[in-house]
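Undergrad: A single structure is presented below for examination.
Protein chains: 2
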Amino acid sequence: MTVLDAQMISDMREAPAAVRRQSDGLAEVLPVLADRLRRMPPQVVVTCARGSSAHAATFGKHLIERYLGVVVAPAAPSITTIYHQPLRLADQLFLAISQSGESSDIIEQAAAARACGAVTACITNDPASGLARACEFVLPMAAGPELSIPATKTFIASVAALARLVAVWSEDKALARALTALPDRLAAAGDLDWSCVLERIAGAESLVTIGRGPTLAIAREAALKLKETSDLHAECFSSAEFLHGPV
Amino acid sequence: MTVLDAQMISDMREAPAAVRRQSDGLAEVLPVLADRLRRMPPQVVVTCARGSSAHAATFGKHLIERYLGVVVAPAAPSITTIYHQPLRLADQLFLAISQSGESSDIIEQAAAARACGAVTACITNDPASGLARACEFVLPMAAGPELSIPATKTFIASVAALARLVAVWSEDKALARALTALPDRLAAAGDLDWSCVLERIAGAESLVTIGRGPTLAIAREAALKLKETSDLHAECFSSAEFLHGPV
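Which chain is which? The protein sequence lines are Y and R, in order.
Numbered by this note's numbering, the letters in the first sequence go through residues 209 to 455 in order.
Numbered by this note's numbering, the letters in the second sequence go through residues 209 to 455 in order.
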């Protein structure tokens, strides 16, 4: 086992506790943000994130569109950082996700969105970060220090924070109950024996991951993890898109 | 040369004529649509497409955000076709792109968007298709019959139609001039000798294509074409995302 392996395992083992802890940190801010969103319902939510956080944002798109019927658009960063085109974002929700909260291009986009009159919020692991200072609403991941470079518990914490936001915003009781049970479910999943999967993919030189709806984001994250940790060219497709295209 | 190769070459050679022809077919509908969009500016444009058409939609997202500052969101089809969740789309622009105009899930989403009060428009190669009947505004590609299965001239025609829509909507004179010159530029590009690229990639087993801003959509389409025609696992990244993630 490499040092990286050990760090990833250690980080993943901490995810259930992080998700449990997160509940307290969000208890104050989420109702205020949700009240604002209900009083002035946005026509669109713009998400802004990179890498694993962008996959969490894809999960957020699914949740927000499914539970609230509000369209979610991923930010195209170059529109702000290269073309300096202001977007029509007055009273819309701009939602950034960044573990470190220090990616300069994401901070720049958050500042630009706020200047355009957007309601700005961020999910970050560092409530003292530049991104947190740039946004009106700060949603702390509460994941604790992430030791491994491929995001593990911070990805899980981001997805959980998005689900909490949607549960409070939509006032969906079933979703709120599922979130209460989430830390125990995560711990149980971590205790399962996943080694049977390894035998199947150990010889692969190229791999496709497939998901749809809520699992599309998870399939994307799995493909990225395989690239980052195993030098394996893995690529994600929605099942509908895969049938339409390569096969 | 295979039959498929010959068809693809033949289809591509016809692209400049298709783009020239398209101008007439759009001359009536575009000003009416643009006038509607200027009178009731949408807060968001939702695009709906699969495969090559989805890559054209990515190009459209860049154009609409850059020239008009209006956020563009790609539709998540399962929200409509599986979860039957109506989206808040009153007075927003729903823009579908489909060569055949007969993909049942895209027709279903167009109908759902229209029922939610969206302004519905489609770019299609068949103005008598089910999609055309479902939408208020029909923008004909005018590409003529596409013989090859991997889309060639219909991809180019879709991108050109999107650029024409944005040129008329934004009243950008430079973009309009560029579109007048486009058929000749396409013909000149088709006459170039591209064989030097082949030597470089002939031995590859896995390949990454990279783009950003206007070239991101083209890099995505190139990766799909390599998969469809050459059994080569090619995957597209935005240059910013590639540096953030796998490398």
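No residue lacks a Cβ here, since even glycine has one placed at the ideal position from N, Cα and C.
Keep in mind it's a predicted model, so treat the numbers as computed, not measured.
1) How would you write the range of the alpha helix (DSSP H) that Y/S286 sits in, first residue to last?
2) Assuming Y/S366 and Y/A264 form a contact by the criterion Cβ under 8 Å, report the distance between their Cβ atoms to the nearest whole angstrom.
3) What in chain Y is Cβ-close to R/P505, meaning under 9 Å?
4) Using a Cβ cut-off of 8 Å (strictly closer), state whether Y/A264 contacts chain R.
5) Using the three-state DSSP reduction, which class does Y/T255 fall into: helix, strand or coil?
6) Just to confirm, are Y/D250 and Y/L301 a CB contact at a threshold of 8 Å?
7) Looking only at its own chain, which residues have a Cβ that is under 6 Å from the Cβ of Y/L224, when we skip the five neighbours before and after it?
8) Rounded C-beta distance between Y/V280 and Y/K269? I'm assuming under 8 Å.
9) Using three-state DSSP, classify Y/T443 as helix, strand or coil.
10) Would you verify that the beta carbon of R/K433 is, or is not, closer than 8 Å to some beta carbon of chain Y?
11) Taking just the CA atoms, how far does R/L383 sit from R/A375?
12) Considering only their Cβ atoms, is the gap separating R/R274 from Y/I287 smaller than 8 Å?
13) Hey, how far is the Cα of Y/E310 from the Cα of Y/L339?
14) Would you mind stating whether R/I409 and R/L415 have Cβ atoms separated by less than 8 Å?
15) Using a beta-carbon distance below 8 Å, is R/E354 in contact with chain Y?
16) Taking the continuous alpha helix (DSSP H) assigned at R/S438, which residues delimit it?
17) Excluding the five sequence neighbours on either side, which residues of its own chain have a C-beta within less than 6 Å of the C-beta of Y/A425, listed in chain order?
18) Of all Cβ atoms in chain R, is any one closer than 8 Å to the Cβ of Y/D285?
19) In this structure, does DSSP put Y/P391 in helix, strand or coil?
20) In this structure, how does DSSP classify R/C324 when only helix, strand and coil are distinguished?
21) Is the beta carbon of R/D219 closer than 8 Å to that of R/K361?
22) Hey, how far is the Cα of R/L434 from the Cα of R/L440?
23) Run the CB neighbour count on R/E407, radius 10 Å, all protein chains shown included, and call it buried at 16 or more, exposed below.
24) Which residues of chain Y have a Cβ atom closer than 8 Å to the Cβ of R/V279, listed in chain order?
25) Nearest CA to the CA of R/A272: which residue from R/A283, R/D313, R/I314, R/R372?
26) Where do the N-terminal and C-terminal ends of the alpha helix (DSSP H) with R/A214 fall, by residue?
27) With a threshold of 8 Å between beta-carbons, can R/E236 be considered close to chain Y, or not?
28) Of all the options R/A283, R/L276, R/P358, which has the alpha carbon lying nearest to the alpha carbon of Y/V278?
29) By DSSP, does Y/T417 sit in helix, in strand, or in coil?
30) Can you grab the Cα-Cα spacing for the pair Y/A430 / Y/T417, in whole Å?
31) Using three-state DSSP, classify R/P294 as helix, strand or coil.
32) Cβ of Y/A448 less than 8 Å from any chain R Cβ?
33) Would you please verify whether the beta carbon of R/K269 is less than 8 Å from any beta carbon of chain Y?
34) Could you tell me which chain Y residues have their CB closer than 8 Å to the CB of R/E443, listed as they occur along the chain?
35) If we require 4 or more residues per run, which alpha helix (DSSP H) segments fall completely within the stretch 330 to 373 of chain Y?
TA: Per the coordinate set shown:
1) Y/S286 -> alpha helix (DSSP H) spans 285 to 289.
2) Indeed they touch by this definition, with Cβ atoms about 4 Å apart.
3) In the structure as shown, chain R starts at 209 and stops at 455, and residue 505 of chain R therefore has no counterpart that could be examined.
4) Answer no: the Cβ-Cβ gap between Y/A264 and chain R never drops below 8 Å.
5) Reduced to three states, the DSSP call for Y/T255 is strand.
6) Checking the sequence shown, residue 250 of chain Y turns out to be Pro, not Asp. Contact flag set, yes.
7) Checking the sequence, you will find Pro at residue 224 of chain Y rather than Leu. Within the same chain, Y/P224 has close Cβ partners P391, L394, A395.
8) With a contact defined as Cβ atoms closer than 8 Å, Y/V280 and Y/K269 qualify at about 4 Å.
9) Looking at the sequence provided, one finds Glu at residue 443 of chain Y rather than Thr. Y/E443 falls in the strand class under three-state DSSP.
10) With 8 Å as the cut-off, R/K433 does not count as an interface residue toward chain Y.
11) R/A375 and R/L383 have their C-alpha atoms some 6 Å from each other.
12) Cβ atoms of Y/I287 and R/R274: closer than 8 Å.
13) Straight-line Cα distance between these residues: approximately 6 Å.
14) A contact, by the Cβ cut-off of 8 Å.
15) It does not; no Cβ of chain Y falls within 8 Å.
16) Note, R/S438: alpha helix (DSSP H), 422 to 438.
17) Result list for Y/A425: H263, T266, F267, in chain order.
18) Here residue 285 of chain Y turns out to be Pro, not Asp, going by the sequence shown. Using a CB distance cut-off of 8 Å, Y/P285 counts as an interface residue toward chain R.
19) Judged by DSSP in its simplified three-state form, Y/P391 adopts helix.
20) It is coil, neither helix nor strand.
21) Taking 8 Å as the Cβ cut-off, R/K361 and R/D219 qualify as a contacting pair.
22) Near 6 Å, if we compare the C-alpha coordinates of R/L440 and R/L434.
23) Burial state of R/E407 is exposed, judged by a 10 Å Cβ sphere holding fewer than 16 other Cβ atoms.
24) Correct list: V252, V254, A281, L295, R296, L297, Q300.
25) The sequence shown places Ile at residue 272 of chain R, rather than the Ala named in the question. It is R/R372.
26) From DSSP, the alpha helix (DSSP H) with R/A214 extends over 211 to 221.
27) Nearest CB-CB separation between R/E236 and chain Y: not below the 8 Å threshold.
28) Across the set R/A283, R/L276, R/P358, the C-alpha of R/A283 shows the shortest separation from the C-alpha of Y/V278.
29) Three-state DSSP puts Y/T417 in a strand.
30) Going from the Cα of Y/A430 to the Cα of Y/T417 covers about 7 Å.
31) In the structure shown, R/P294 falls within a coil segment according to DSSP collapsed to helix, strand and coil.
32) Closer than 8 Å to some Cβ of chain R, the Cβ of Y/A448 qualifies, so yes.
33) Output row for R/K269: interface = yes.
34) Going along chain Y in sequence order, the residues near R/E443 (Cβ under 8 Å) are H441, E443.
35) Listed in chain order, the complete alpha helix (DSSP H) runs (minimum 4 residues) inside the stretch 330 to 373 of chain Y are 338 to 342.
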